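Enquirer: Residue numbering for the sequence shown follows my numbering, beginning at 78 and increasing consecutively. Glycine included, each C-beta is placed from N, C-alpha and C at the ideal position. No experiment lies behind these values; they were computed from the predicted model shown. Quick one: the structure is below, questions incoming.
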Amino acid sequence: MKDKATNPPFAPFLVRIAAMVYESLLVAAVLFVASLPFLYLVGNAQTGWQRHLFQAYILGVLFAYFSTFWLRSGQTLAMKTWRIRLVAEDGSRLTLKQAGLRFVLALLGLLLAGVGFAWALIDRDGQFLHDRIAGTRLVRVPRRAGP
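Below is the structure:
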């Protein structure tokens, strides 16, 4: 594990929340586009097995979206905009296992009235609960120097 002096600082809570708001807009667009082929092929997905299949499909699309960015560069578009990067505790790239665990725990924390996100208000490092458990952290990316 790296020395704390060489680790980048944690991303501030309000910056992470702002990135999440921006991310929700991007995710809404992704889900809208991803829904079109499913609904064209399956038809009405409001009841029965079609609804459950559609929900599983949407969760798969969400996991593919987030895990692809997290594993490749540690940053989604919203995270790049707000200069945040997701890394493992030691500063390295995430593993697929960490990405999957973080995704599931974040989703559960969101479904439980945001408790996993509110955890950051009492955490000693200000981390979300899903980051604490998954062994990940959101760090601030320094600004680029000059053109």
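Residue range of the alpha helix (DSSP H) that Thr158 falls in?
Expert: 154 to 158
Enquirer: How many whole angstroms separate the CB atoms of Arg162 and Val104, which I take to be in contact at a CB cut-off of 8 Å?
Expert: Actually they do not touch by this definition, with Cβ atoms about 19 Å apart.
Enquirer: Please list the segments of the beta strand (DSSP E) lying wholly inside the region 158 to 206, counting only runs of 3 or more residues, in order along the chain.
Expert: Within the region 158 to 206, the beta strand (DSSP E) runs of at least 3 residues that lie entirely inside it are, in chain order, 161 to 165.
Enquirer: Determine whether the beta carbon atoms of Glu100 and Thr153 lie at a separation below 8 Å.
Expert: yes
Enquirer: Check whether the region 156 to 170 and the region 191 to 199 are in contact - that is, three or more C-beta pairs closer than 8 Å.
Expert: Output reads no: the region 191 to 199 does not touch the region 156 to 170.
Enquirer: In the DSSP output, which residue or residues are listed as bridge partners for Arg93?
Expert: According to DSSP, which records beta bridges pairwise, Arg93 is partnered with nothing at all.
Enquirer: For Gln175 versus Phe87, is the C-beta spacing smaller than 8 Å?
Expert: No. Outside cutoff.
Enquirer: With burial defined as no fewer than 16 other Cβ atoms inside 10 Å of the residue's Cβ, what is the status of Asp208: buried or exposed?
Expert: buried
Enquirer: Does the region 135 to 150 come close enough to the region 105 to 112 that 3 or more CB-CB pairs lie under 8 Å?
Expert: yes
Enquirer: Taking C-beta to C-beta, are Arg93 and Leu215 nearer than 8 Å?
Expert: yes
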